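This report concerns only the one structure given below.
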Amino acid sequence: MRQLPGLNGAVKVAPLAATATHIAIGFTHGGPVAVPDVTAYLNIAQRLWGGIPITDLPYHPGYGIVIGPFGFLQGDAVHTAALCVNAALAGLTVWMVQRLLRYFAAPRSVLWFGTAIACLHPSITHGSRVAWPEVLLAVTLLWIALLIGNPDVQRWWIAGCVAGLAPMMHPRAIVITAAMLIVGCLSGRARRTAVGIATGLVGTLVVLQLTDTWQAARANAAQHMGSEPGPLATGAGQWLAFTATTAGLGAVGVLTGLTLLRRRNKVSPEQNVLRFFTLGAVGMLVLGAWVLAGSARPDTLLYGRYMDPWTVPVTVSFLCVIVSRIPSRRLITVAAATVVLSFLIAVLETNHATQTARGVMTASLRVVWLLADEKLPLTLLLATALSLIGICGFRRYFRPTLIGLLVAASLSTLLTHTHLRDVGQVADGQMTTTQLLPDTVECLSHDRSSTKPYAVWLYRLQLPNIEHTVIDLSRGEAPCENYVIAGHNALKSCQGSEFLGKEPRAQWGLWRYPLNTCG
Numbered sequence: 009m010r011q012l013p014g015l016n017g018a019v020k021v022a023p024l025a026a027t028a029t030h031i032a033i034g035f036t037h038g039g040p041v042a043v044p045d046v047t048a049y050l051n052i053a054q055r056l057w058g059g060i061p062i063t064d065l066p067y068h069p070g071y072g073i074v075i076g077p078f079g080f081l082q083g084d085a086v087h088t089a090a091l092c093v094n095a096a097l098a099g100l101t102v103w104m105v106q107r108l109l110r111y112f113a114a115p116r117s118v119l120w121f122g123t124a125i126a127c128l129h130p131s132i133t134h135g136s137r138v139a140w141p142e143v144l145l146a147v148t149l150l151w152i153a154l155l156i157g158n159p160d161v162q163r164w165w166i167a168g169c170v171a172g173l174a175p176m177m178h179p180r181a182i183v184i185t186a187a188m189l190i191v192g193c194l195s196g197r198a199r200r201t202a203v204g205i206a207t208g209l210v211g212t213l214v215v216l217q218l219t220d221t222w223q224a225a226r227a228n229a230a231q232h233m234g235s236e237p238g239p240l241a242t243g244a245g246q247w248l249a250f251t252a253t254t255a256g257l258g259a260v261g262v263l264t265g266l267t268l269l270r271r272r273n274k275v276s277p278e279q280n281v282l283r284f285f286t287l288g289a290v291g292m293l294v295l296g297a298w299v300l301a302g303s304a305r306p307d308t309l310l311y312g313r314y315m316d317p318w319t320v321p322v323t324v325s326f327l328c329v330i331v332s333r334i335p336s337r338r339l340i341t342v343a344a345a346t347v348v349l350s351f352l353i354a355v356l357e358t359n360h361a362t363q364t365a366r367g368v369m370t371a372s373l374r375v376v377w378l379l380a381d382e383k384l385p386l387t388l389l390l391a392t393a394l395s396l397i398g399i400c401g402f403r404r405y406f407r408p409t410l411i412g413l414l415v416a417a418s419l420s421t422l423l424t425h426t427h428l429r430d431v432g433q434v435a436d437g438q439m440t441t442t443q444l445l446p447d448t449v450e451c452l453s454h455d456r457s458s459t460k461p462y463a464v465w466l467y468r469l470q471l472p473n474i475e476h477t478v479i480d481l482s483r484g485e486a487p488c489e490n491y492v493i494a495g496h497n498a499l500k501s502c503q504g505s506e507f508l509g510k511e512p513r514a515q516w517g518l519w520r521y522p523l524n525t526c527g
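This note's numbering numbers the first residue of the sequence shown as 9 and each following residue consecutively.
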C-alpha cells in the first residue's frame with residue numbers, strides 16, 4: 009500500500025488530539041444532564057472530601073473513585089473536572105485501539121479506520137459531555153483485551169483481576185467478569201483467570217462495603233419487572249441499536265465471535281479477544297433487556313447506552329479477524345435475519361411507548377432519531393435500513409460501508425454534542441439560588457410536588473456538605489430547616505413565607521419557610 013506520511017502522522021497524534029479536543033469541549037459545557045446518574049457519581053467523589061453520603065445510592069463507586077482527586081471541588085467545577093477525566097479516557101481509548109491493532113499486525117487501512125472510529129464514534133465522544141462511566145467501561149474492555157491479546161506475553165491473572173474489579177464501576181459490568189471467566193476456561197487458563205477474578209471481586213466487595221453502595225434496591229426492582237414492553241422487545245431494540253450504530257458490522261462480528269466459542273485449539277489472539285468481547289456483549293444484551301423491560305420511554309426500544317462500551321471494541325477486533333477469515337454468506341444472512349426479526353419484535357411494542365425519548369440515551373443514533381423526527385416506528389425502520397445496508401454490502405462494498413459508518417458516527421457525534429450543550433445550559437440555570445442560602449444552613453428541603461425529580465440531584469452537586477431531604481408541601485410536610493426549593497406558587501398561601509429567588513431556567517426557586525410553620 010502506498011505510504012501516506014501525512015495520514016500516518018495524524019494516526020500518531022490522534023490520542024493526544026482526541027484528549028485535547030474533549031478537554032476543550034468539557035470546559036465549554038454547562039451543568040450536568042438532567043439524570044441522577046451524573047450527580048450521584050460526582051457525590052461519591054465529593055464524599056471522599058467530606059461530602060455527605062446519599063442514603064441507598066443506586067450506583068457503584070468505581071467511577072467516583074477515579075475522579076476522587078477532584079472531589080474537593082463543588083458544583084460546576086467538579087463536573088468539569090469529571091469531563092476532563094473522561095476526555096483523558098477518550099484519548100486513552102484511541103491509543104489502546106491502536107495498540108491492539110498493532111498487536112494483531114492489522115493492515116494499515118484497518119489501523120486508520122480503527123483510529124478514526126475511536127475518535128469519532130459517539131459511544132466514546134459523548135463522554136466529554138456526560139460525566140458517567142461508559143467510556144471507563146470501554147477502557148476496561150480494551151485493557152483486558154491488551155492483556156490477553158498480546159501474542160508474546162499474555163497476563164491472564166491481571167486480566168482476571170481487572171475483570172473482577174469491573175463491577176465496582178457499575179453493577180451491570182458483572183457481565184465482563186463472567187465473559188473473562190468463560191474465555192479463560194476456553195483458553196486453558198482457567199486457574200490463573202479464576203484466581204485473578206477472585207482477587208478483583210474481593211477488592212470490589214471491600215469497596216462496596218466501605219462506601220455502603222450495596223444494590224439492594226436495584227435488585228428488588230429487578231424482581232418486579234414491568235410486563236410491557238417485555239424483555240424480548242427491549243432485547244430486540246438493544247440488538248437493533250447495536251447493529252445500526254456499527255452499520256451492521258457489530259451483528260456480523262458478534263455472530264462470528266459466537267462461532268469461535270466452539271474452538272479449543274488454534275485460536276489466534278485476535279479471535280480470542282473477539283470471543284471475550286462477544287460474550288460480554290451478549291451478556292449485556294440479556295441483562296439490559298431485563299432491566300429495561302416495562303419502561304414507557306420510546307428510547308428503551310432502541311437503547312444503545314448499555315452496549316455502547318462494546319461498540320468500538322467489537323468493531324475493531326472483528327476487522328482484525330476478517331483479515332484472515334471472511335465470514336460465510338450463511339453467517340451474513342443470519343445476521344441480516346436477526347436485524348429484521350428484531351425490528352419486527354420492537355415495532356410491535358411501539359404502542360407501549362407513551363413518554364418522550366431522552367436525548368442523552370440516544371447518543372449513538374442521534375442522527376437517526378432526528379431524521380425520523382423522534383417518531384419511534386420510523387426511527388426503528390431507519391435503524392434497520394442502516395444495519396441491513398452495511399450487512400448486505402459487507403462483501404462487495406466493504407470500504408463504502410466503513411465510510412458510511414464513519415459519516416453516521418460523525419453526524420451523531422455532532423448532533424449529540426449540540427443537544428447536550430443545550431441541556432447543560434438549561435441545567436446551569438436550574439440551581440443558581442444556592443448562592444442565596446446562609447452559610448449556617450445544614451439541611452435543605454425540596455418539594456416533590458412542584459419541582460422535577462432530578463432537581464434535588466443538581467442541588468446536591470452544588471451543596472455536597474449539607475443534608476438534602478425530599479418532602480411534599482401539598483400534603484403539609486414541613487422542611488427540615490427554614491429553607492425549601494419549591495415552585496413559584498407552592499407557598500403563596502403560607503403566611504410568613506418569603507420567596508427569595510427564582511431559577512432562570514426552571515419553574516421553581518428558593519423559599520424561606522416561617523419558623524412556626526404556615527400560619
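Backbone N, C-alpha and C fix where the C-beta goes; we use that ideal spot for every residue, glycine too. Just so it is clear, the structure is predicted and the values come from calculations on it, not from any experiment.
Notebook entry, point to check: Which whole runs of the alpha helix (DSSP H) in the region 249 to 335 are 4 residues long or more, in chain order?
Noted result: 257 to 268, 277 to 300, 316 to 329
Next item on the list: Report all residues from its chain with a CB closer than 7 Å to the CB of M188; omit the five preceding and five following residues, and keep chain order.
Entry: One-based indexing of the sequence shown puts residue 188 at position 180. Answer for M188: I152, A167, G168, A171, T201, I205, F284, listed in chain order.
Check: How many Å lie between L127 and V118 at the Cα?
Finding: Stepping through the sequence shown from its first residue, residue 127 is reached at position 119. Stepping through the sequence shown from its first residue, residue 118 is reached at position 110. Sequence check: residue 127 is Cys here, not Leu. Going from the Cα of C127 to the Cα of V118 covers about 14 Å.
Next item on the list: Can you tell me which of V478, G196, V86, F326 puts its alpha carbon nearest to the alpha carbon of N273?
Entry: Against the sequence shown, residue 273 aligns to sequence position 265. Ranking V478, G196, V86, F326 by Cα distance to N273 puts G196 first.
Check: What span of residues does the beta strand (DSSP E) with Y491 cover, start to end?
Finding: On the sequence shown, residue 491 is found 483 positions in, with the first residue counted as 1. Counting along the chain, the beta strand (DSSP E) containing Y491 begins and ends at 491 to 495.
Note to self: Can you look up D64 in the DSSP assignment and give me helix, strand or coil?
What the structure shows: Residue 64 sits at position 56 when you count from the first residue of the sequence shown. In this structure, D64 counts as coil in the three-state DSSP scheme.
Note to self: Does M9 pass the burial test, meaning 16 or more other C-beta atoms within 10 Å, or should it be called exposed?
What the structure shows: Against the sequence shown, residue 9 aligns to sequence position 1. Since pLDDT at M9 reaches only 41, below the 50 mark, its modelled position is unreliable, and the value read off the structure follows with that caveat. It counts as exposed.
Next item on the list: Report the rounded CA-to-CA distance for G122 versus A354, giving the unit in angstroms.
Entry: Mapped onto the sequence shown, residue 122 falls at position 114. Mapped onto the sequence shown, residue 354 falls at position 346. Answer to the nearest angstrom: the Cα atoms are 31 Å apart.
Margin query: Distance check for W247 and L293, CA to CA, integer angstroms please.
Written below: Locating residue 293 in the sequence shown gives position 285, where the first residue counts as 1. Locating residue 247 in the sequence shown gives position 239, where the first residue counts as 1. Each residue's Cα considered, the two are about 7 Å apart.
Item checked: Status (buried if at least 16 other CB within 10 Å, exposed otherwise) for Q515 -> In the sequence shown, counting from the first residue as 1, residue 515 sits at position 507. Burial call: exposed.
Notebook entry, point to check: My guess is that V375 and L419 are in contact by the Cβ rule of under 8 Å, so how many angstroms apart are they, rounded?
Noted result: Mapped onto the sequence shown, residue 375 falls at position 367. Mapped onto the sequence shown, residue 419 falls at position 411. That pair is a contact at about 4 Å.
Notebook entry, point to check: Quick one: what's E506 bridged to in DSSP?
Noted result: As a working note, residue 506 is residue 498 in the sequence shown. Paired residue(s): R520.
Check: Apart from the five residues just before and just after V464, which ones in its own chain have a Cβ nearer than 8 Å to its Cβ?
Finding: Here residue 464 refers to the residue found at position 456 of the sequence shown. Correct list, in chain order: H454, H476, V478, I493.
Next item on the list: Could you have a look at T101 and say whether DSSP puts it in helix, strand or coil?
Entry: Within the sequence shown, numbered from 1, the residue matching residue 101 stands at position 93. Of the three classes helix, strand and coil, the one that applies to T101 here is helix, per DSSP.
Check: Name the DSSP bridge partner or partners of S453?
Finding: As a first step, residue 453 is located in the sequence shown; it is residue number 445 there, counting from the start. Paired residues: T477, V492.
Margin query: Please report the distance separating the alpha-carbon of E511 from that of Q443.
Written below: By one-based count along the sequence shown, residue 511 stands at place 503. By one-based count along the sequence shown, residue 443 stands at place 435. If you take the alpha carbons of E511 and Q443, they lie about 11 Å apart.
Next item on the list: Could you tell me the boundaries of the alpha helix (DSSP H) in which D447 lies?
Entry: Within the sequence shown, numbered from 1, the residue matching residue 447 stands at position 439. Unbroken run through D447: none, as it is neither H nor E.
Next item on the list: Answer yes or no: do P317 and L423 have a C-beta to C-beta separation smaller than 9 Å?
Entry: Here residue 317 refers to the residue found at position 309 when the sequence shown is read from its first residue. Here residue 423 refers to the residue found at position 415 when the sequence shown is read from its first residue. No, Cβ-Cβ distance for P317 and L423 is not below 9 Å.
Margin query: Going by C-alpha to C-alpha distance, which of I182, L390, D84 sits closest to G34?
Written below: Locating residue 34 in the sequence shown gives position 26, where the first residue counts as 1. Ranking I182, L390, D84 by Cα distance to G34 puts D84 first.
Note to self: Under DSSP, the alpha helix (DSSP H) around N51 begins and ends at which residues?
What the structure shows: Counting from one through the sequence shown, the residue named residue 51 turns up at place 43. First-last of the alpha helix (DSSP H) with N51: 44 to 55.
Check: In three-state DSSP terms, what is A89?
Finding: Reading the sequence shown from its first residue, position 81 is the one you call residue 89. In this structure, A89 counts as helix in the three-state DSSP scheme.
Note to self: If I follow the unbroken alpha helix (DSSP H) through S420, where does it start and stop?
What the structure shows: Counting from 1 along the sequence shown, the entry for residue 420 is found at position 412. Residues 406 to 436.
Check: Grouping DSSP H, G and I as helix and E and B as strand, with all else coil, what is C526?
Finding: As a first step, residue 526 is located in the sequence shown; it is residue number 518 there, counting from the start. Coil, per DSSP.
Checklist line | From L327, I334, L390, residue whose alpha carbon lies closest to that of R110 | finding: In the sequence shown, counting from the first residue as 1, residue 110 sits at position 102. The residue with the shortest Cα to Cα distance from R110 is L327.
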